[in-house]
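**Student:** This is the structure I have questions about; it appears just below.
Number of protein chains: 2
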Amino acid sequence: MSLLVVGSVALDSVKTPHGEIQEGLGGSATYFSIAAGCFTKVRLVAVVGEDFPERHVAFLRSRGVDLRGLCRTKGKTFRWKGSYGEDMNEAKTLKTELNVFETFRPALPPAYKDTSFVFLANIDPDLQRGVVDQITDPHLVACDTMNYWISSKPRALKKTLSRVDVLFLNEGEARQLAGGSNLLTAARQLLAMGPSTVVIKRGEYGALLFKKDSIFWAPAYPLETVRDPTGAGDSFAGGFMGYLSRQKGITETRLRRALIYGSIMASFNVEDFSLNRLRKTKREDIERRFRAFRMLVRF
Amino acid sequence: MSLLVVGSVALDSVKTPHGEIQEGLGGSATYFSIAAGCFTKVRLVAVVGEDFPERHVAFLRSRGVDLRGLCRTKGKTFRWKGSYGEDMNEAKTLKTELNVFETFRPALPPAYKDTSFVFLANIDPDLQRGVVDQITDPHLVACDTMNYWISSKPRALKKTLSRVDVLFLNEGEARQLAGGSNLLTAARQLLAMGPSTVVIKRGEYGALLFKKDSIFWAPAYPLETVRDPTGAGDSFAGGFMGYLSRQKGITETRLRRALIYGSIMASFNVEDFSLNRLRKTKREDIERRFRAFRMLVRF
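Those sequence lines, one after another, are chains A and B. Every letter in the first sequence is one number past the one before it in our numbering, and letter 275, counting from 1, is 275. Every letter in the second sequence is one number past the one before it in our numbering, and letter 80, counting from 1, is 379.
Pasting the structure below:
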């Protein structure tokens, strides 16, 4: 079934203990599309400026990404500059230039309105809801968010969550949004806000999938070198949604496997800067890692 | 096969956000014995003072613990006082009175010298090695350690590790002992120090079991309330060693299941202060939780 992502396409400058990159291809919609693109064709809605390199457009197109929703507009492309310390768990933002992203109002091309699977990357919750409004009959709506929206627009975010089936967020955000320190209690409160599935990401500690009556615990793939964690969350969502959108119906088992595919895509992504590792990732690499995940938890 | 623990028996005063206890039964050998005691009879070597309450001795005996190695000596019992903050991950030590534990030199009763499975709880690595020397032909030796010994007696600790089959330690200790931040690399370095199995405990994030050619990832049982984490590591080791000592031979699968039983015993232990939850834990509770662990990771 069709899959849509609405988010950012950006140029990222990132420094980690393992190296650095200047104005590499980045952005939530980019990471999501390339990760999900290993499973299915992705419809993308985002905005770039006049300076956005044509080679990046060509790359996205070469991976089968539907770019009818990519708007090129007057001004400069969104730029983010950040760095990671030794523990790699949290990015330090050094500079954010929103540029054309500042006035981004996602308008779906008519051909996208019949989309079945929708991923609302981390943008203003009012804009996220505006996207849902434009879709005729969505089958599954997923969204990401961040501490900034949780503290600045909690009411708008909760309105959006009432329209969402799957909520992705990290551990700290889950605690912040639910207002408590126990993760189980937090998950229960988040489920009460609307989503039937809550995915809590914990970086190198894996991820949890909560439903009303079940919990699934996915490990993270043990890696000797994490070069650049940028985009891990969006690659995760891309693997999850890409796999799920290709299944006939959503079952508990498929949701669990989707979480594993999300973990796999995130594990590839962090092995190199920008999209460098995902570019080279083949379907057989993904399946090999899937088998490794099985071995990791078998007892 | 027979199982021995050498460690502390103590009186703990603990305060957490969920309550507090004054001079409750504690100590590494105690937690280990009661957890392992759900699987097998445990031989204990430890020291207490003249003030050690007889009811605690009676309790240990009632759980089948072999107390021929419990030495009662002139002076006061080891006391520890600590508190935990909201996140419950690290204890803050408020007071340590070693008392009779200060001059503890573990001497095994002759009847213990044929022990097959040995757990050296967290004591001076020279004393740990002295215990191994007293055992005729151990089948499997496991040990725990802590940041204090890693920084103050690294050479003695490494000598001990060369005699050990299974090393238990937490994530921070693993990084400290191996001298690096990546856990995979650290585990490989720890394996090179002697143990054929390294168990890295990560609290609410679960535990990892490393062997030369494999990794096993155990989840932690998701709990809504963690009342008191004191003794979690020793209960963990108790479940692990108790289960393993009852198996016919050590295989990869049995080591993995041992890790799950360790996680289970730790999960019960933290649900209440002192031994209060483990006291009530029945074999069927353990098996129910074992099945829950399976469901938690199935995909």
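Don't be surprised by glycine CBs; every beta carbon is placed ideally from N, CA and C.
1. Could you pull out every residue in the same chain whose Cβ sits closer than 8 Å to the Cβ of Arg378 (chain B), ignoring the five residues on either side in sequence?
2. Quick one: any contact between the stretch 255-272 of chain A and the stretch 127-142 of chain A, if contact means 3 or more CB pairs under 8 Å?
3. Should Thr16 (chain A) be labelled buried (16 or more other beta-carbon atoms within 10 Å of its own) or exposed?
4. Can you list the residues of chain A that Ser480 (chain B) reaches, using a CB-CB cut of under 8 Å?
5. Can you give me, in chain order, the residues of the stretch 499-518 of chain B that have a beta carbon less than 8 Å from any beta carbon in chain A?
6. Quick check on the burial criterion: 16 or more other C-beta atoms within 10 angstroms. Buried or exposed for Gly64 (chain A)?
7. Does DSSP put Tyr243 (chain A) in a helix, a strand or coil?
8. Would you mind stating whether Ser245 (chain A) and Leu44 (chain A) have Cβ atoms separated by less than 7 Å?
9. CA-CA distance, Gly538 (chain B) and Phe598 (chain B)?
10. Helix or strand or just coil, what does DSSP make of Lys201 (chain A)?
11. In chain D, what lies closer than 8 Å to Ile260 (chain A) by C-beta?
12. Hey, how far is the Cα of Lys201 (chain A) from the Cα of Asp443 (chain B)?
13. Could I get the ranges of all uninterrupted alpha helix (DSSP H) runs contained in the stretch 330-384 of chain B, with 4 residues as the minimum, in chain order?
14. If you draw a straight line from the alpha carbon of Thr136 (chain A) to that of Phe117 (chain A), how long is it in whole angstroms?
15. By how many angstroms is the C-alpha of Gly318 (chain B) removed from the C-alpha of Glu385 (chain B)?
16. Which residues in chain A have a C-beta closer than 7 Å to the C-beta of Glu523 (chain B)? List them in chain order.
17. Give every residue of the same chain whose Cβ lies closer than 7 Å to the Cβ of Pro408 (chain B), excluding the five residues on either side of it in the sequence, and list them in chain order.
18. Who are the near neighbours of Arg590 (chain B) in its chain, counting only those whose CB is closer than 6 Å to its CB and skipping five residues on each side?
19. Using a Cβ-Cβ cut-off of 6 Å (strictly less than) and excluding sequence neighbours within five positions of Tyr243 (chain A), which residues of its own chain qualify?
20. Could you tell me which uninterrupted beta strand (DSSP E) segments, each at least 3 residues in length, are contained entirely in the stretch 408-432 of chain B, listed from first to last along the chain?
21. Please state whether DSSP places Thr402 (chain B) in a helix, a strand or coil.
22. Is it buried or exposed, Asp228 (chain A), if we count other Cβ atoms within 10 angstroms and call 16 or more buried?
23. Spell out whether any CB of chain B is found under 7 Å from the CB atom of Leu296 (chain A).
24. Does Arg55 (chain A) come within less than 7 Å of chain B when only Cβ atoms are used?
25. Which value, in whole angstroms, describes the spacing of the CA atoms of Phe535 (chain B) and Ser562 (chain B)?
26. Let me check one thing: in DSSP terms, what residues is Asn469 (chain B) bridge-paired to?
27. Just the chain A side, please: which residues come within less than 8 Å of Thr552 (chain B) by C-beta, in chain order?
28. Under 8 Å Cβ-Cβ, which residues of chain A neighbour Arg428 (chain B)?
29. Determine the extent of the beta strand (DSSP E) in which Gly561 (chain B) is found, giving its start and end residues.
30. Would you call the CB atoms of Val199 (chain A) and Phe168 (chain A) closer than 7 Å?
31. Would DSSP call Gly179 (chain A) helix, strand or coil?
32. Using a cut-off of 9 Å between C-beta atoms, extract the partners of Arg556 (chain B) located in chain A.
33. If you run the structure through DSSP and keep just helix, strand and coil, what is Thr315 (chain B)?
34. Between the alpha carbons of Leu278 (chain A) and Thr225 (chain A), how many angstroms are there, rounded?
**Tutor:** A quick look at the data gives this:
1. Ala309, Leu310, Asp311, Ser312, Glu322, Lys394, Thr395, Glu396 and Asn398
2. no
3. buried
4. Glu86 and Asp87
5. Arg501, Glu503, Tyr504, Gly505, Leu507, Ser513, Ile514, Phe515, Trp516, Ala517 and Pro518
6. exposed
7. helix
8. no
9. 26 Å
10. strand
11. This model lacks chain D altogether, as its protein chains are A and B.
12. 30 Å
13. 353-361
14. 12 Å
15. 12 Å
16. Asn182, Leu184 and Thr185
17. Arg367 and Gly368
18. none
19. Phe39, Ala258 and Tyr261
20. 416-419
21. helix
22. buried
23. yes
24. no
25. 6 Å
26. B:Lys500
27. Phe299
28. Those within 8 Å of Arg428 (chain B) in chain A number zero; the least Cβ separation is about 31 Å.
29. Unbroken run through Gly561 (chain B) is the alpha helix (DSSP H), Glu551 to Asn568; no beta strand (DSSP E).
30. yes
31. coil
32. Phe299
33. strand
34. 15 Å
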